[in-house]
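Residue numbers (this note's numbering), protein chains in the order written: chain A, 7 to 184; chain B, 7 to 184.
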DNA sequence: GCCGAATAATAAAACCTTTGATTAAATCTG
DNA sequence: CAGATTTAATCAAAGGTTTTATTATTCGGC
């Protein structure tokens with residue numbers, strides 16, 4: 007049980023440490039390093055996405071998921087919904103729902119695919135193209151501000167470690183979206 | 007414009023590289039290292055959270071956000087809604103809505119705070135306590151599988167780099183939830 | 001060529017999140 | 001101490017996600 011009396015009020019910064027030491031007392035068999043890694047990774051990504059979405063995307067009338075779809079269509083060119091889902095890491099149902107909004111806003115257009123009448127071909131409208139380019143420029147400046155707190159070398163090592171973690175996902179047979 | 011013809015079908019793994027080289031052609035002034043860092047960070051975290059939620063939390067009747075609230079209450083003890091929001095990194099409105107579900111499911115209870123009649127004190131019910139402990143054990147085993155693809159040293163360095171990135175958020179005046 | 005199985009997209013229901021009111025209680029200020 | 005301001009929580013509207021079920025097509029084996 008090990009109820010820890012907090013000597014000083016816990017804040018967001020110290021909560022990870024607190025949670026880990028509390029867990030050490032309550033569940034001695036827990037893997038604390040793994041716990042710290044996942045907590046920290048989630049916390050950083052969360053803060054980063056919130057900052058980007060609220061300072062870059064929403065002021066321009068886009069959501070973060072909407073930005074991701076435009077981003078994929080910008081780089082991959084016109085593509086089927088299924089492919090956009092794969093490349094963006096969203097489910098097909100999520101893409102379908104999201105494209106309703108993007109189509110209504112005139113940023114993306116739907117068209118029946120030529121070779122398969124079940125499939126839908128998505129493409130950027132001219133307005134969508136302008137939107138993604140303008141938004142990406144602001145997005146990238148913000149990314150630069152975040153990334154700039156690390157040295158070149160640190161950025162490179164961080165990316166390498168993250169890629170290794172991502173490759174490990176296959177080894178542990180992580181569940182992925184259908 | 008630099009329309010890149012794809013020599014072979016793009017997949018999720020190669021999309022980051024493709025997006026970066028396409029951006030290099032389309033927007034020469036872009037910071038590609040920052041772009042790669044953010045794309046990779048988001049991609050890994052997304053995959054990790056999806057795997058944890060779909061393999062650990064949903065089968066036990068919890069959502070990922072629900073798990074986070076129980077996790078905070080488990081470690082911090084009974085606390086006001088405002089505090090749970092701060093410690094979990096959610097907005098107060100999100101906590102309020104989420105607790106409706108958790109309360110309905112009998113995992114969390116609401117009570118008016120003693121010192122301030124505006125405030126609500128949240129605490130785990132006995133069922134909530136059982137739920138968080140059982141779920142956390144499975145959650146931690148899954149974390150261990152993911153983290154296990156890195157060496158001890160790599161895990162340590164990854165956490166350090168993530169913490170440095172998180173500290174940088176203050177320097178760049180990142181927006182945070184109210 | 002035809003019929004059962006697989007596949008693409010969408011719909012439906014349940015949940016969660018965000019921003020911007022609204023309500024009620026506490027606190028500050030003159 | 002009264003009035004204005006701030007603060008805690010919740011509500012409301014709009015959007016996004018998930019899983020499961022449906023519909024329309026295409027594919028595969030005989």
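Every residue, glycine too, gets a C-beta built ideally from N, C-alpha and C.
Collapsed DSSP secondary structure at residue i in the structure displayed
{"i": "residue 123/B", "result": "coil"}
{"i": "residue 114/A", "result": "strand"}
{"i": "residue 103/B", "result": "helix"}
{"i": "residue 69/A", "result": "coil"}
{"i": "residue 33/B", "result": "coil"}
{"i": "residue 175/B", "result": "helix"}
{"i": "residue 97/A", "result": "coil"}
{"i": "residue 180/A", "result": "coil"}
{"i": "residue 128/B", "result": "strand"}
CB contact below 8 Å: residue i versus chain A
{"i": "residue 21/B", "result": "yes"}
{"i": "residue 73/B", "result": "no"}
{"i": "residue 63/B", "result": "no"}
{"i": "residue 86/B", "result": "no"}
{"i": "residue 68/B", "result": "no"}
{"i": "residue 109/B", "result": "no"}
{"i": "residue 178/B", "result": "yes"}
{"i": "residue 170/B", "result": "yes"}
{"i": "residue 76/B", "result": "no"}
Contact list for residue i against chain A, beta-carbon separation under 9 Å
{"i": "residue 136/B", "result": "What residue 136/B touches in chain A: nothing, since even the nearest Cβ is about 13 Å away."}
{"i": "residue 175/B", "result": "50, 53, 54, 57, 152, 155"}
Pair within 8 Å by beta-carbon distance, residue i and residue j
{"i": "residue 81/B", "j": "residue 70/B", "result": "no"}
{"i": "residue 114/A", "j": "residue 95/A", "result": "no"}
{"i": "residue 168/B", "j": "residue 50/A", "result": "yes"}
{"i": "residue 38/B", "j": "residue 30/B", "result": "yes"}
{"i": "residue 182/B", "j": "residue 56/A", "result": "yes"}
{"i": "residue 174/B", "j": "residue 157/A", "result": "no"}
{"i": "residue 186/B", "j": "residue 53/A", "result": "There is no way to answer for residue 186/B, as the model of chain B reaches only from 7 to 184."}
{"i": "residue 101/B", "j": "residue 91/B", "result": "yes"}
{"i": "residue 126/A", "j": "residue 119/A", "result": "yes"}
{"i": "residue 45/B", "j": "residue 87/B", "result": "no"}
{"i": "residue 21/A", "j": "residue 130/B", "result": "no"}
{"i": "residue 143/B", "j": "residue 108/A", "result": "no"}
CB contact below 8 Å: residue i versus chain B
{"i": "residue 51/A", "result": "yes"}
{"i": "residue 121/A", "result": "no"}
{"i": "residue 100/A", "result": "no"}
{"i": "residue 155/A", "result": "yes"}
{"i": "residue 90/A", "result": "no"}
{"i": "residue 128/A", "result": "no"}
{"i": "residue 95/A", "result": "yes"}
{"i": "residue 113/A", "result": "no"}
Listed by chain order, chain A residues near residue i by CB distance under 8 Å
{"i": "residue 149/B", "result": "37, 40, 41, 43, 44"}
{"i": "residue 106/B", "result": "Correct list: empty, because the minimum Cβ distance to chain A is about 22 Å."}
{"i": "residue 60/B", "result": "181"}
{"i": "residue 163/B", "result": "163, 167"}
Where residue i falls, given that 16 or more other Cβ within 10 Å makes a residue buried
{"i": "residue 151/B", "result": "buried"}
{"i": "residue 149/B", "result": "buried"}
{"i": "residue 145/A", "result": "buried"}
{"i": "residue 59/B", "result": "buried"}
{"i": "residue 19/A", "result": "exposed"}
{"i": "residue 124/B", "result": "exposed"}
{"i": "residue 67/A", "result": "exposed"}
{"i": "residue 78/B", "result": "buried"}
{"i": "residue 110/B", "result": "exposed"}
{"i": "residue 99/A", "result": "exposed"}
{"i": "residue 72/B", "result": "buried"}
{"i": "residue 103/A", "result": "exposed"}
{"i": "residue 161/B", "result": "buried"}
{"i": "residue 184/B", "result": "exposed"}
{"i": "residue 74/A", "result": "buried"}
Contact list for residue i against chain B, beta-carbon separation under 8 Å
{"i": "residue 55/A", "result": "48"}
Proximal chain B residues relative to residue i, where beta-carbon distance stays under 7 Å
{"i": "residue 25/A", "result": "81"}
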